[in-house]
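Letter 130 of the sequence shown, counting from 1, is numbered 153 in this note's numbering, and no numbers are missing.
For every residue, glycine included, the Cβ atom is placed at its ideal position computed from N, Cα and C.
Quantities reported herein were computed from a predicted structural model and do not represent experimental measurements.
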Amino acid sequence: MVRKAASEELAQLAAIESEEAQRQKAKAEELLKIALHESEQALSDKAKAEEQARLATAEREYTRQKQQDLYETIEDEIERETRKLKEENETLQAENQRLQQERYRLFTKAESMMPTEALKHGQNAIYFEMTENDFYPSERKDLILEIIKRSSASVHPGSRSAHVLQDLLKRNQSSGRRESLKREIDNLFKGYRKVESPLRSELQHLGFEFISDNHHHKIRFCDDPRYTVSFAKTPSDWRAGKNIADDICHRIL
24 MVRKAASEEL
34 AQLAAIESEE
44 AQRQKAKAEE
54 LLKIALHESE
64 QALSDKAKAE
74 EQARLATAER
84 EYTRQKQQDL
94 YETIEDEIER
104 ETRKLKEENE
114 TLQAENQRLQ
124 QERYRLFTKA
134 ESMMPTEALK
144 HGQNAIYFEM
154 TENDFYPSER
164 KDLILEIIKR
174 SSASVHPGSR
184 SAHVLQDLLK
194 RNQSSGRRES
204 LKREIDNLFK
214 GYRKVESPLR
224 SELQHLGFEF
234 ISDNHHHKIR
244 FCDDPRYTVS
254 FAKTPSDWRA
264 GKNIADDICH
274 RIL
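In structure tokens:
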């Protein structure tokens with residue numbers, strides 16, 4: 024009887040332990056499921072974060088590339104427009120120089136006819152045959168008047184020569200263009216450092232043409248090779264500008 028009771032008690036204990044084991048196992052399985060779910064969720068969140076980061080990087084790269092392409096397009100357009108404007112400017116400068124020379128030519132032709140017309144109408148005029156033409160309005164007349172003025176100072180006062188020369192000077196006024204041209208050239212080269220666009224443009228306006236820009240600048244006046252002046256690109260000292268202006272004026276005036 025005692026053995027039977029002990030066996031039954033052992034059986035009950037075993038049953039209790041088995042049930043407890045089953046509960047522990049079920050609980051462990053439940054915890055494992057939760058852990059697996061959380062792990063899968065973490066992996067999913069990580070994958071989503073990585074995908075979002077990849078997409079953000081790709082979007083930034085796409086935006087950067089678009090900006091770079093736009094910048095290069097704008098840069099190319101600016102370069103094309105700059106080149107086009109430069110070519111148009113060079114064309115306009117060449118045309119302006121041609122028109123200046125044509126203006127001088129027409130003025131010279133018109134002025135050369137004036138003495139002849141004066142003689143036809145019986146005016147007290149003197150006509151000289153010449154092959155040289157005016158490079159600017161009244162050039163030859165002003166030069167002759169200047170020479171007469173210098174000569175009148177050396178003749179005997181009260182002489183016929185003095186009276187004739189004084190009469191010429193009194194009745195023929197200089198246009199002042201020679202003096203004006205000299206002042207303009209002096210001012211252009213005052214403080215000369217290098218030839219920049221404004222200086223180049225002003226010289227071309229005065230009738231000069233740049234024919235060489237190699238080791239030295241070389242300019243020609245009114246397209247006449249006899250009146251070509253060269254000067255250094257870089258001045259040697261502070262007097263360089265004045266010396267250049269003097270060289271130009273001595274050659275063309």
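query: Could you check whether the region 199-216 touches the region 253-267, counting it as contact only if at least three pairs of C-beta atoms, one from each stretch, sit closer than 8 Å?; result: yes
query: Looking only at DSSP bridge pairs, what is S203 linked to?; result: Beta-bridge pairing links S203 to no other residue.
query: How about the region 160-169 and the region 191-203: do they share at least three Cβ pairs that are nearer than 8 Å?; result: yes
query: Helix, strand or coil for H238, going by three-state DSSP, please let me know.; result: coil
query: Pick from E100, I275, V178 and I267: whose alpha carbon is nearest that of D247?; result: I275
query: Look up R243 in the DSSP assignment and give the residues it is bridged to.; result: E232 and T251
query: Shortest alpha-carbon distance to E169 belongs to which of D157, P180, L54 and L188?; result: L188
query: From the DSSP output, in three-state form, read off K143 for me.; result: The predicted position of K143 is uncertain, since its pLDDT is 48 and thus under 50; a value taken from the coordinates is nonetheless stated next. Residue state, collapsed to three classes: helix.
query: Going by other Cβ atoms of all chains shown within 10 Å of its Cβ, with 16 needed for buried, is D165 buried or exposed?; result: buried
query: Check N195 in the structure and name its three-state DSSP category.; result: coil
query: Helix, strand or coil for L276? Go by DSSP, reduced to three states.; result: coil
query: Applying the 10 Å Cβ sphere with the 16-neighbour rule, what's the burial state of G181?; result: exposed
query: What span of residues does the alpha helix (DSSP H) with I170 cover, start to end?; result: E162 to S175
query: Under 7 Å Cβ to Cβ from S235, same chain only, skipping five residues before and after it: list those, please.; result: K241
query: For the candidate residues C272, H228, N266 and N237, whose alpha-carbon lies nearest to that of Q123?; result: H228
query: Report the three-state DSSP secondary structure of T257 (helix, strand or coil).; result: coil
query: When the distance is taken between beta carbons, is F244 closer than 9 Å to E232?; result: yes
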